[in-house]
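First up is the structure itself, then whatever we jot down about it.
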Amino acid sequence: MTFMSTISPRARSAPESGIVEVVNYARGRDGLIPLWVGEGDLATPTFISQAASEALLAGETFYTWQRGIPPLREALTRYYQRRFQKDLSPEHFYVTGSGMQAIKLAIEAITSPGDEMVLLTPAWPNFAAAAELSGVRPVSVPLRFEHGTWQLDLDRLEAAIGPKTKALFINTPSNPTGWTASRDDLSAILGLARKHGLWIVADEIYALYHYAGGRAPSFLDVMDTDERVIFVNSFSKNWSMTGWRVGWIVAPPAIGQVLENLVQYATSGVAQFMQRGAVVALDEGDAIVDANLAKAAQSRDLLCDALIATNRVETLKPEGAIYTFLKIDGVTDSRAAAIDIVDKTGVGLAPGTAFGDGGSLFMRACFLRDPAQVAEAASRLQGYILGR
Ligand SMILES: Cc1ncc(COP(=O)(O)O)c(C=O)c1O
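If you read the sequence shown in the numbering used here, its first letter stands for residue 13, the second for the next number, and so on.
Written out as structure tokens, the structure reads:
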């Protein structure tokens with residue numbers, strides 16, 4: 013009997029990341045410009061790290077609140093007042109060990125094995141994989157790619173809802189497509205959820221990365237307080253804290269004890285000293301967030317303008333998030349193309365095959381980087397595309 017044959021089929025069938033495969037292939041090469049993973053190029057600002065270090069050195073090394081320390085849950089209420097014009101109570105917030113864990117716990121909280129969860133694709137692969145690990149079948153509804161942009165097909169979304177559907181997973185602005193739901197889209201999706209008695213899992217972690225100005229529309233703008241909507245969020249992208257692994261959930265206080273128990277049996281809480289850093293990020297980090305947004309906007313223009321100018325790229329500029337999801341004319345195998353591009357240009361892209369239905373002909377580039385470096389990547393990609 014082999015080890016693998018005795019492993020749970022559910023765990024065994026969890027997919028390897030198609031992004032990591034290409035990263036592992038070319039990691040560490042000289043002159044590499046890595047646009048493949050979803051993070052910026054700056055370390056966490058010192059004032060945030062310092063708050064965490066001080067708390068660590070001061071001995072904040074004990075077990076802590078399962079739901080998150082009260083000062084962090086209070087700082088989250090202030091953040092939602094400032095950025096979302098919403099008055100939520102600390103009881104709406106649950107601190108998690110990353111956005112990814114927020115997703116996992118949200119799915120665990122609202123589904124049972126055998127249920128289905130509908131999601132819009134192309135999508136970050138972890139949504140579907142997290143569902144499968146909970147015994148939930150992910151049902152894909154591809155967005156329509158038309159004239160270089162992505163559109164929601166509401167009829168198709170409704171047609172995917174069946175007797176086993178428990179939740180709609182909506183990521184807006186989307187990784188990888190940049191599709192950003194309008195207020196009308198959100199109202200319509202909420203209408204479907206109400207009509208069919210479903211939960212919505214709302215992943216709005218890129219809400220502030222919205223290039224038309226202001227933040228992206230949010231379910232918070234269209235829902236009543238305490239509907240069946242559970243938000244997953246993260247410190248990773250706004251405050252350059254990807255390596256911290258701290259996120260949060262916003263959910264109706266009525267399910268608070270359930271979420272607290274799920275945290276208890278997953279990690280038993282997020283390290284208190286890291287939460288001290290997160291408080292400072294929220295309360296004193298607006299300038300950092302705004303600088304990240306400005307950098308993303310500039311780099312998006314540099315990269316997308318250069319690529320569109322080749323006339324061989326169908327993708328227009330994304331409305332939100334930190335990625336362009338490139339469709340280069342003639343590319344039929346995005347995995348092979350990502351390997352070829354990194355070999356020939358030293359620019360690391362993520363193959364669209366990793367992002368589920370509708371993504372296989374595309375490649376994802378994250379532009380949350382130094383504009384000079386993104387300009388260099390854009391020029392190398394231009395050369396590659398025009399030389400094909
Ligand atoms: C849409 C989306 N949701 C959630 C996450 C998870 O973020 P993290 O686990 O770093 O907090 C990511 C990370 O790339 C993402 O793109």
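Beta carbons are placed, not taken as given, at the ideal position from N, Cα and C, and that holds for glycine.
- The beta-carbon separation of ILE45 and VAL359, rounded to 5 Å, stays under the 8 Å limit for a contact.
- Here DSSP, grouped into helix, strand and coil, assigns GLN394 to helix.
- Looking at GLU170, ALA179 and LYS207, the one whose alpha-carbon comes closest to that of VAL241 is ALA179.
- Just so you know, the alpha carbons of VAL34 and THR237 end up roughly 43 Å apart.
- Distance check between ASP317 and each of MET235, PHE231, PRO188 and SER391 places SER391 closest, using alpha-carbon atoms only.
- Counting along the chain, no alpha helix (DSSP H) covers GLY80, and no H or E run does either.
- When secondary structure is reduced to three states using DSSP, TRP162 falls in the strand class.
- Cβ contact annotation for GLN394 (same chain, cutoff 8 Å, sequence separation greater than five): ALA318, LEU319, ALA321 and THR322, in chain order.
- Our two residues, LEU314 and ILE334, have alpha carbons roughly 13 Å apart in a direct line.
- By the neighbour-count definition (other C-beta atoms within 10 Å, threshold 16), HIS159 is an exposed residue.
- Assignment of ARG324 by DSSP, reduced to helix, strand and coil, places it in the coil class.
- The residue from ASP345, ILE353, GLN287 and GLY368 with its alpha-carbon nearest to that of THR73 is GLN287.
- Shown here, TYR335 sits in a strand according to DSSP, grouped into three states.
- For GLN113, the distance from the CB to the nearest heavy atom of ligand 1 is below 8 Å.
- Within the DSSP bridge table, the entry for PRO150 names MET129 as partners.
- ILE320 has its CB no nearer than 8 Å to any heavy atom of ligand 1.
- Between ALA135 and PHE379, the CB-CB gap reaches or exceeds 9 Å.
- In this structure, the C-beta of THR254 approaches ligand 1 to less than 8 Å from one of its heavy atoms.
- Secondary structure of SER61 (DSSP, three-state): helix.
- Excluding sequence positions up to five before and after GLN163, its CB lies within less than 7 Å of the CB of LEU155 and ARG156, all in the same chain and listed in chain order.
- Taking 8 Å as the cut-off, one finds no heavy atom of ligand 1 near enough to the beta carbon of ASP53.
- Taking a 10 Å sphere around the C-beta of SER186, we find 16 or more other C-beta atoms and assign the residue as buried.
- Taking all protein chains in view, the Cβ of PRO363 is crowded by 16 or more other Cβ atoms within 10 Å, so the residue is classified as buried.
- The beta-carbon separation of ALA348 and TYR106, rounded to 42 Å, does not stay under the 8 Å limit for a contact.
- Counting along the chain, no alpha helix (DSSP H) covers SER246; the unbroken beta strand (DSSP E) around it starts and ends at 241 to 246.
- In the structure shown, TYR218 adopts coil according to DSSP, grouped into three states.
- Between LEU328 and GLU120, the CB-CB gap reaches or exceeds 9 Å.
- Note: ALA179 is bridge-paired with MET129 and TRP211 in the DSSP secondary-structure output.
- Checking the 8 Å criterion, the Cβ of ASP215 is within range of a heavy atom belonging to ligand 1.
- Residues of the same chain with a CB within less than 6 Å of the CB of SER246, apart from the 5 flanking positions on each side, are GLY111, ILE217 and GLY259 in chain order.
- The shortest CA-to-CA distance from SER311 to any of ASP298, GLY332 and ASP165 is the one to GLY332.
- The beta-carbon separation of GLN284 and THR89, rounded to 19 Å, does not stay under the 8 Å limit for a contact.
- Where THR357 is concerned, the enclosing alpha helix (DSSP H) starts and stops at 346 to 357.
- Going by beta carbons, ALA278 and LYS116 fall inside the 9 Å limit.
- In the DSSP assignment, ALA377 forms a beta bridge with THR336.
- Check the Cα spacing between SER101 and each of ASP215, ASP197, ARG24 and GLY268: the tightest is with GLY268.
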